[in-house]
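J.:
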Amino acid sequence: MIIIMKMQATDTETDAVITRVTKEGFKTHVSVGEERTIIGIIGDERLLDRGAISRMKGVDRVVPVLRPYKLASRDFKPENTVITINGHQVGGDKVIVMAGPCSVESLDQMMETAIAVREAGAHLLRGGAFKPRTSPYSFQGMGEEGLKIMAQVREETGLHIVTEVMAPEQVDLVAKYADVLQIGTRNMQNYALLNAVGKTNKPVLLKRGMMSTIEELLMSAEYIMSNGNHQVMLCERGIRTFEKYTRNTLDINAVPVLKELTHLPVVVDPSHATGRWTLVKATSKAAVAAGADGLIIEVHPNPAEAASDGEQSLKPHRFAELMNEIRPIAAAVDRSV
Ligand code: PEP
Ligand code: MN
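Quick note: the sequence shown, position 276, residue 277 per this note's numbering, numbers continuous.
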């Protein structure tokens, strides 16, 4: 349920409404917009005396929210959420680019990649220390050692780091080093993990499950937000379809659909969406044109030798080309990079 206050409603009137619904046992989420204030109500709505609330001073109307997610919904909060990471605003005017290897492999590899992507204009550094591999015999990541390498590279390059956390019991450890906690596609519906990252104060990059609907993605965001952490970025990273030529199918529709349904920033991962480096530039441009707030791109100094996802990793000079090619696309949709 949302309570829409009149344009001329006073703070006292708004406070009276909040006090009343809070007394009745509901949680509220207040969104102060440029024109009017909206009070989102969370709880068993059948118990709310809708008529009485509608008659309170300053209330314009009370509207049920039919969608199963609330905090993530644009009905609850019409304005875009902007998440600030190291001074970079995700969800603002700029398209924020996160780049780096799939896996952290060594200090030299991370440092070389970080310097190159920073030079090309990337805003954040990505790298996996805990890797969710389809085969248990594939490289599983460097673990804490990898996190320490990333922290050292941050120290020297100033780039903040995005890295995956795979289990609730790892959250404290990963949060000690990371600036952004990534939830991978395979864990999008790991509710214990979503609850655990929801209790931290770190921004979360929530990747869409490869077989999940957009609504399921939003429900997962709701888990994180309902624990108090509202800094959630949603990431479209390709879904499973019958098409085999590419690793996944980039659901470009998801970008404008999410922009309609939610106020949360939307990031696109063209590397995992295609699985082929030759397709990453074109799909990055499509994502920016469609309104993505950010991109996350795999870059490796020597893709042929990468411990994971070499086939979809760009060499640094190709990443630099990509950055130059997305600038005019961003400008065409009134953004910058
Ligand atoms: C990754 O970012 O390296 C990764 C494993 O992503 P996803 O969970 O989307 O497969
Ligand atoms: Mn990868």
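In this text, a Cβ means the ideal position worked out from N, Cα and C, and glycines have one as well.
Once you ignore the five residues that flank Gly59 on each side, which residues in its own chain have a CB closer than 6 Å to its CB?
T.: The sequence position of residue 59 within the sequence shown is 58, counting from 1. Excluding sequence neighbours, Gly59 sits near Met6, Lys7, Ala10 and Glu14.
J.: Looking at the structure shown, is Gln313 part of a helix, part of a strand, or coil, going by DSSP?
T.: For this step, residue 313 is matched to residue 312 along the sequence shown. In the structure shown, Gln313 sits in a helix (DSSP, three-state: H, G or I).
J.: Nearest-angstrom Cα distance between Glu165 and Val83?
T.: Along the sequence shown, one-based indexing puts residue 165 at 164. Along the sequence shown, one-based indexing puts residue 83 at 82. Approximately 21 Å between the Cα atoms of the pair.
J.: Taking the beta strand (DSSP E) that Ile5 belongs to, which residues open and close that run?
T.: Within the sequence shown, numbered from 1, the residue matching residue 5 stands at position 4. Here the beta strand (DSSP E) through Ile5 covers Ile3 to Met6.
J.: Counting Cβ pairs, one atom from each stretch, are 3 or more of them under 8 Å apart for the stretch 284–300 and the stretch 91–100?
T.: Touching, per the Cβ criterion.
J.: Considering only residues of the stretch 214–276, which uninterrupted beta strand (DSSP E) runs meet the minimum length of 3 residues and lie entirely inside it, listed in chain order?
T.: Within the stretch 214–276, the complete beta strand (DSSP E) runs of at least 3 residues are 233–237 and 267–269.
J.: Span of the alpha helix (DSSP H) holding Ala293?
T.: As a first step, residue 293 is located in the sequence shown; it is residue number 292 there, counting from the start. From DSSP, Ala293 is part of no alpha helix (DSSP H); its letter is neither H nor E.
J.: Which value, in whole angstroms, describes the spacing of the CA atoms of Asn249 and Arg209?
T.: To locate residue 249, count along the sequence shown from 1; it is residue 248. To locate residue 209, count along the sequence shown from 1; it is residue 208. The straight-line gap from Cα to Cα measures roughly 12 Å.
J.: Any heavy atom of the ligand PLP closer than 6 Å to the beta-carbon of Arg248?
T.: The ligand PLP is absent from the structure shown, which contains only the ligand PEP and the ligand MN.
J.: So Thr201 packs on Leu219, CB below 8 Å; how close in whole Å?
T.: Counting from 1 along the sequence shown, the entry for residue 201 is found at position 200. Counting from 1 along the sequence shown, the entry for residue 219 is found at position 218. Not really, about 20 Å apart at Cβ, beyond 8 Å.
J.: Residues near the ligand MN, CB to any non-hydrogen atom under 5 Å, in chain order?
T.: Cβ atoms closer than 5 Å to the ligand MN belong to Cys103 and Asp310.
J.: Relative to the ligand PEP, is the shortest distance from any of its heavy atoms to the C-beta of Thr164 smaller than 6 Å?
T.: Translated into the one-based positions of the sequence shown, residue 164 becomes position 163. Checking the Cβ of Thr164 against the ligand PEP gives no.
J.: Kindly indicate which residue of Pro271, His264 and Val289 has the alpha-carbon position closest to the one of Asn81.
T.: Here residue 81 is taken as the residue at index 80 of the sequence shown, counted from 1. Ranking the options by Cα distance to Asn81, first place goes to His264.
J.: Can you tell me whether Gly129 sits near the ligand PEP, meaning its C-beta is under 6 Å from at least one heavy atom of the ligand?
T.: For the purposes of this step, residue 129 is taken as residue 128 along the sequence shown, with counting starting at 1. At least one heavy atom of the ligand PEP is nearer than 6 Å to the Cβ of Gly129, so yes.
J.: Would you please state the rounded distance, in angstroms, between the beta carbons of Ile40 and Val31? I believe it to be under 8 Å.
T.: Within the sequence shown, residue 40 is the residue found at index 39, counting from 1. Within the sequence shown, residue 31 is the residue found at index 30, counting from 1. At roughly 5 Å, the Cβ-Cβ gap stays under 8 Å, so Ile40 and Val31 are in contact.
J.: Find out if the Cβ-Cβ distance for the pair Val289, Ile327 is shorter than 7 Å.
T.: Position 288 of the sequence shown, counting from 1, holds the residue named residue 289. Position 326 of the sequence shown, counting from 1, holds the residue named residue 327. Yes.
J.: Which residue wins for smallest C-alpha separation from Ser221, given the options Leu207, Arg241, Gly229 and Glu157?
T.: Stepping through the sequence shown from its first residue, residue 221 is reached at position 220. Among Leu207, Arg241, Gly229 and Glu157, the Cα nearest to that of Ser221 belongs to Leu207.
J.: Run the CB neighbour count on Phe131, radius 10 Å, all protein chains shown included, and call it buried at 16 or more, exposed below.
T.: The residue you call residue 131 lines up with position 130 of the sequence shown. Answer is buried; the Cβ neighbour count reaches 16.
J.: Assuming Gly122 and Val300 form a contact by the criterion Cβ under 8 Å, report the distance between their Cβ atoms to the nearest whole angstrom.
T.: As a first step, residue 122 must be located in the sequence shown, where it is residue number 121. As a first step, residue 300 must be located in the sequence shown, where it is residue number 299. Going by Cβ atoms, the distance from Gly122 to Val300 rounds to 12 Å, so no, they are not a contact pair.
J.: Is the stretch 144–163 in contact with the stretch 106–116, if contact means three or more CB pairs nearer than 8 Å?
T.: Flag = yes, the stretch 144–163 and the stretch 106–116 touch.
J.: Can you check DSSP and say which residues form a bridge with Met99?
T.: Sequence index remark: in the sequence shown, residue 99 carries index 98 (1-based). According to DSSP, which records beta bridges pairwise, Met99 is partnered with Leu125 and Ile297.
J.: Alpha carbon to alpha carbon, how far is Leu72 from Ala333?
T.: In the sequence shown, counting from the first residue as 1, residue 72 sits at position 71. In the sequence shown, counting from the first residue as 1, residue 333 sits at position 332. Cα-Cα distance, rounded: 31 Å.
J.: Which same chain residues end up closer than 6 Å to Ile97 when comparing Cβ atoms and leaving out the 5 residues on each side of it in sequence?
T.: As a position in the sequence shown, residue 97 is number 96, starting the count at 1. Once the five neighbours on either side are set aside, the close Cβ partners of Ile97 are His89, Val91, His124 and Gly295.
J.: Quick check on this structure: which residue in Val205, Lys245 and Tyr224 has the alpha carbon closest to the alpha carbon of Val233?
T.: Here the question's residue 233 lines up with position 232 in the sequence shown. Val233 has its Cα closest to that of Val205, out of Val205, Lys245 and Tyr224.
J.: So what's Asp61 in DSSP terms, helix, strand or just coil?
T.: For the purposes of this step, residue 61 is taken as the residue at position 60 of the sequence shown. It is a strand residue.
J.: Thinking just about the alpha-carbon of each residue, which of Arg75, Lys177 and Val64 is nearest to the one in Gly34?
T.: Indexing the sequence shown from 1 puts residue 34 at position 33. Comparing Cα positions, the closest option is Arg75.
J.: If Leu174 sits next to Glu145, beta carbons under 8 Å apart, how far is it from one beta carbon to the other, in whole angstroms?
T.: Counted from its first residue, the sequence shown places residue 174 at position 173. Counted from its first residue, the sequence shown places residue 145 at position 144. Leu174 to Glu145, Cβ: 6 Å. Contact.
J.: Comparing C-alpha positions only, which one of Ala287, Leu280, Glu223 and Ser227 sits nearest to Asn254?
T.: Counted from its first residue, the sequence shown places residue 254 at position 253. Of the listed residues, the one whose Cα sits closest to Asn254 is Ala287.
J.: Could you tell me whether any non-hydrogen atom of the ligand PEP is closer than 6 Å to the CB of Thr186?
T.: Residue mapping note: residue 186 aligns to position 185 of the sequence shown, counting from 1. Yes, the ligand PEP has a heavy atom inside 6 Å of this Cβ.
J.: Let me confirm a value: Ala305 is counted as buried when at least 16 other C-beta atoms fall within 10 Å, else exposed. Which label applies?
T.: In the sequence shown, the residue the question calls residue 305 occupies position 304. With fewer than 16 other Cβ atoms within 10 Å, it is exposed.
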